[in-house]
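Reading through the structure tokens given below for one structure.
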Amino acid sequence: MILDLIKHVNFHLVLFGIFAFSSVIKLGLIYAFVAIGVYLSFRILDFPDLTVDGSFLLGSCVCGVLILLGFNPWTAMVCAFFAGMVAGLLTALLNLWFGILNFWLQF
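Numbering (the working numbering), first residue to last: 4 to 110.
Next up, the structure:
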């Protein structure tokens, strides 16, 4: 009975399902860090900061462009990290120096 069932199973579909499931788990774990960053800035720090989304995209673009230009992937990831860090630092400095958050709260 079980052997007849095994004969009829298309193993290509089973392998596709396994690989698709593992890809979903990997992407979910990556986006979980983004969600934690948004949660920390909105709820814990009480600062409506959307730099998390922008720095995530900026870092991936910097890393992709540097890899296409022939850089080492590890060097490209370090540069992407620093690009995201500069984006967050710029947002923090704009808020501290110009009071952008206080400006928007007046309206």
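Even for Gly, the Cβ is constructed at its ideal location relative to N, Cα and C.
Give the straight-line distance between the Cα atoms of residue i and residue j, rounded to the nearest whole angstrom.
i	j	result
Asp140	Gly62	In the structure as shown, the chain starts at 4 and stops at 110, and residue 140 therefore has no counterpart that could be examined.
Ala35	Ser44	14 Å
Ile28	Ile21	11 Å
Ser25	Cys64	24 Å
Leu93	Leu18	45 Å
Ala79	Gly91	19 Å
Val82	Gly73	As written in the sequence, residue 82 is Cys, which differs from the Val given in the question. Using only the alpha carbons, I get a separation of about 14 Å.
Are the beta-carbon atoms belonging to residue i and residue j less than 8 Å from one another?
i	j	result
Val55	Val41	yes
Report the residue from the options whose alpha carbon sits nearest the alpha carbon of residue i.
i	options	result
Asp57	Ile28, Met88, Gly73 and Val81	Note that residue 57 is Gly in the sequence shown here, rather than Asp. Among Ile28, Met88, Gly73 and Val81, the Cα nearest to that of Gly57 is on Met88.
Phe84	Leu60, Gly31 and Asp52	Leu60
Asn98	Gly73, Leu53 and Leu72	Leu53
Mind checking whether the beta-carbon of residue i lies closer than 7 Å to any heavy atom of the ligand GTP?
i	result
Val68	As for the ligand GTP, it is missing from this structure, which has no ligand bound.
Which parts of the region 16-94 are runs of the alpha helix (DSSP H), unbroken and 4 residues or longer, counting only runs that do not cross its ends?
54-71
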